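Residue numbers (my numbering): 475 to 668. Even glycine gets a Cβ: it sits at the ideal position worked out from N, Cα and C. Predicted model, so just to flag it, every value in this text is computed and none were measured. One structure is given here, and the rest of the page talks about it.
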Amino acid sequence: MTRVERESMNFKLPKPLASALRKAASPQPGKTATDIVIRGLLHELGEIPGVEQSAETRLQKLESELQQLRSSINSRDNSPIDSRTEEKLEALNNRVAKLEGALGAIQHNNFGASNNYRRYKSSGNPYNQSGRPAQLEPLDEQKLALRLNVNIPTLKEKHESLTPSEFAEWSKNRDRAKYMWRFNEKDKLYHPVK
Numbered sequence: 475m476t477r478v479e480r481e482s483m484n485f486k487l488p489k490p491l492a493s494a495l496r497k498a499a500s501p502q503p504g505k506t507a508t509d510i511v512i513r514g515l516l517h518e519l520g521e522i523p524g525v526e527q528s529a530e531t532r533l534q535k536l537e538s539e540l541q542q543l544r545s546s547i548n549s550r551d552n553s554p555i556d557s558r559t560e561e562k563l564e565a566l567n568n569r570v571a572k573l574e575g576a577l578g579a580i581q582h583n584n585f586g587a588s589n590n591y592r593r594y595k596s597s598g599n600p601y602n603q604s605g606r607p608a609q610l611e612p613l614d615e616q617k618l619a620l621r622l623n624v625n626i627p628t629l630k631e632k633h634e635s636l637t638p639s640e641f642a643e644w645s646k647n648r649d650r651a652k653y654m655w656r657f658n659e660k661d662k663l664y665h666p667v668k
């Protein structure tokens, strides 16, 4: 990321707003009062040449656009549509689902990264207290489909048509870390097996 030269400005804020800004600010990267003000200005003013938007701002914008797109698709009347338009809508719905999954994973990773940063700062160890890397958490079908680089209907079809051991082997062949995944009926999540 290129470093943009900053200029100091003096301006007055209403006391409740200044208090809320101080309360929301923290020493974490991207969470300072200045960063919050910059995000607010970019939201209000739009893109400004020479100012790079943060990943969080871009994700918020993408999330907003996805919600508008989904609302637009859902609000369409149920008039008959030709098969080509229906195929395009289905493809668009699949892309929106993948983007939402990716957005959720990125937000989850950003949360985890900030927790790891805090843990590293306080203990000098980016891992858990035992000194070993944290284990993978169980995933819902949307996150597992994203991890295995398949769409949700394909994941469902494989889960229903293969035996549990065949599904575990199929998932291992698709997983980048070669984890097998097994479905647990009790919590309705897929659990990793190394």
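Among the options, the one whose alpha carbon lies nearest that of residue i
{"i": "LEU487", "options": "LEU629, SER635 and ARG496", "result": "ARG496"}
{"i": "GLU481", "options": "ASN567, THR508, ALA494 and ASP661", "result": "THR508"}
Status (buried if at least 16 other CB within 10 Å, exposed otherwise) for residue i
{"i": "SER645", "result": "buried"}
{"i": "GLY575", "result": "buried"}
{"i": "PHE485", "result": "exposed"}
{"i": "MET654", "result": "buried"}
{"i": "LEU620", "result": "buried"}
{"i": "LEU563", "result": "exposed"}
{"i": "LEU519", "result": "exposed"}
Within 9 Å, strictly: CB atoms of residue i and residue j
{"i": "LEU613", "j": "PRO666", "result": "yes"}
{"i": "TYR664", "j": "GLU634", "result": "no"}
{"i": "LYS652", "j": "LYS668", "result": "yes"}
{"i": "LEU540", "j": "LEU577", "result": "yes"}
{"i": "ALA579", "j": "ILE626", "result": "no"}
{"i": "ILE510", "j": "VAL525", "result": "no"}
{"i": "LEU536", "j": "LEU566", "result": "no"}
{"i": "ARG648", "j": "VAL624", "result": "yes"}
Residues bridged to residue i (per DSSP)
{"i": "TRP655", "result": "PRO666"}
{"i": "LEU613", "result": "TYR664"}
Three-state class that DSSP yields for residue i in the structure shown
{"i": "LEU622", "result": "helix"}
{"i": "LEU543", "result": "helix"}
{"i": "TYR601", "result": "For TYR601, the predicted model reports a pLDDT of 46, less than 50, meaning its position is unreliable and no value from the coordinates is stated."}
{"i": "PRO490", "result": "helix"}
{"i": "GLY575", "result": "helix"}
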